[in-house]
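In what follows, a single structure is set out as structure tokens and then discussed.
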Amino acid sequence: MNLFRLCGDLSHVISIVLLLLKIRATRSCVGISLKTQALYLLVFVTRYLDLFVTFISLYNSLMKVLFIATSSYVLYLMLTKYRQTYDKDHDTFRIQFLVGFAIVLALLTPHRYTMLEVLWTFSLWLESVAILPQLFMLQTTGECENLTSHYIFALGLYRALYAVNWVYRYLFEPDYWQPVTWVAGILQTALYGDFFYYYVMSKRRGKKLKLPT
Amino acid sequence: SSKESEKDEL
Numbered sequence: 001m002n003l004f005r006l007c008g009d010l011s012h013v014i015s016i017v018l019l020l021l022k023i024r025a026t027r028s029c030v031g032i033s034l035k036t037q038a039l040y041l042l043v044f045v046t047r048y049l050d051l052f053v054t055f056i057s058l059y060n061s062l063m064k065v066l067f068i069a070t071s072s073y074v075l076y077l078m079l080t081k082y083r084q085t086y087d088k089d090h091d092t093f094r095i096q097f098l099v100g101f102a103i104v105l106a107l108l109t110p111h112r113y114t115m116l117e118v119l120w121t122f123s124l125w126l127e128s129v130a131i132l133p134q135l136f137m138l139q140t141t142g143e144c145e146n147l148t149s150h151y152i153f154a155l156g157l158y159r160a161l162y163a164v165n166w167v168y169r170y171l172f173e174p175d176y177w178q179p180v181t182w183v184a185g186i187l188q189t190a191l192y193g194d195f196f197y198y199y200v201m202s203k204r205r206g207k208k209l210k211l212p213t
Numbered sequence: 214s215s216k217e218s219e220k221d222e223l
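Taken in sequence, the protein lines are chains V and R.
Per the numbering used here, the first sequence runs over residues 1 to 213.
Per the numbering used here, the second sequence runs over residues 214 to 223.
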């Protein structure tokens with residue numbers, strides 16, 4: 001475990017805290033894509049099936065449980081308590097394409113053809129594009145609350161920090177070789193490119209995030 | 214073999 005990886009994990013946890021804060025503080029899930037949240041739950045469930053077969057560390061296991069639990073909870077809140085505030089009309093991205101993309105690549109790129117490996121590969125490719133419905137929603141509405149923009153930023157930062165961790169591990173761990181993880185992770189980070197730019201610009205002006213329409 | 218099957222990241 002190096003510092004980049006640890007900061008990446010922390011950034012991921014912080015993003016979820018920010019999302020829950022946003023929902024509680026505004027008592028609404030306006031501006032949050034239910035589709036992206038559902039995809040994340042699918043990502044965590046398919047990736048962390050190995051909870052039952054492999055033990056890496058207590059830290060890893062607890063984080064896996066935390067990610068599954070919190071993403072289930074967010075989805076639960078959006079579907080029950082705050083359902084009235086969900087902005088369905090702006091959450092129109094067609095996720096069939098994203099799931100199809102992940103299925104095709106999961107069948108083409110696994111390390112070995114076992115159920116767990118294929119599902120794990122599926123989760124990596126799906127995670128790489130799961131933010132698209134959220135970014136699309138932001139694009140169509142043009143702006144979002146500060147907490148929502150911080151949430152998306154922390155979520156993007158997480159994979160960017162992982163990418164630095166991969167470079168570090170590649171340099172210092174002779175056997176470390178995870179090409180699928182790297183390519184999917186870099187794709188994931190690249191999708192945030194525009195968002196990062198407008199986020200940083202809006203923070204420099206001390207204003208809330210607005211996208212050009 | 215390589216460490217590829219070792220998934221110690223999240």
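Yeah, the Cβ is synthetic: ideal placement off N, Cα and C, and Gly gets one too.
Treat the numbers as computed from the prediction; the structure is a model and nothing was measured.
DSSP three-state call for GLU173 of chain V: helix, strand or coil?
As a working mapping, residue 173 of chain V is identified with position 173 in the first sequence. The DSSP-derived three-state label of GLU173 of chain V is coil.
Selected residue, minimal CA-CA separation from VAL129 of chain V, among V:VAL167, V:SER28, V:LYS35:
The count along the first sequence starts at 1 and reaches residue 129 of chain V at position 129. The shortest Cα separation from VAL129 of chain V among V:VAL167, V:SER28, V:LYS35 belongs to V:LYS35.
So ILE56 of chain V contacts chain R; which residues on that side make the cut at Cβ distance below 7 Å?
Position 56 of the first sequence holds residue 56 of chain V. Residues of chain R passing the Cβ test: ASP221.
Could you check what DSSP says for GLU143 of chain V in three-state terms: helix, strand or coil?
Here residue 143 of chain V refers to the residue found at position 143 when the first sequence is read from its first residue. GLU143 of chain V falls in the strand class under three-state DSSP.
Using a C-beta to C-beta distance shorter than 8 Å, which residues of chain R count as neighbours of ASN60 of chain V?
Stepping through the first sequence from its first residue, residue 60 of chain V is reached at position 60. Per Cβ cutoff of 8 Å: ASP221, LEU223.
Do we get a CB-CB distance below 8 Å when we pair ILE9 of chain V with the residues of chain R?
Here residue 9 of chain V refers to the residue found at position 9 when the first sequence is read from its first residue. A small fix is needed here, since residue 9 of chain V is Asp in this sequence, not Ile. At least one chain R Cβ lies under 8 Å of ASP9 of chain V.
Below 8 Å, can you find three or more Cβ-Cβ pairs linking the segment 117-133 of chain V to the segment 64-76 of chain V?
No contact exists between the segment 117-133 of chain V and the segment 64-76 of chain V.
Backbone secondary structure at LYS227 of chain V - three-state DSSP:
Not covered by the structure: residue 227 of chain V. The range shown for chain V is 1 to 213.
Using a Cβ cut-off of 8 Å (strictly closer), state whether MET115 of chain V contacts chain R.
Along the first sequence, one-based indexing puts residue 115 of chain V at 115. Taking Cβ atoms only, chain R never reaches closer than 8 Å to MET115 of chain V, which makes this a no.
Hey, CYS7 of chain V and LEU211 of chain V: beta-carbon distance below 8 Å or not?
Within the first sequence, residue 7 of chain V is the residue found at index 7, counting from 1. Within the first sequence, residue 211 of chain V is the residue found at index 211, counting from 1. No; because the gap between Cβ atoms is not below 8 Å, this pair is not in contact.
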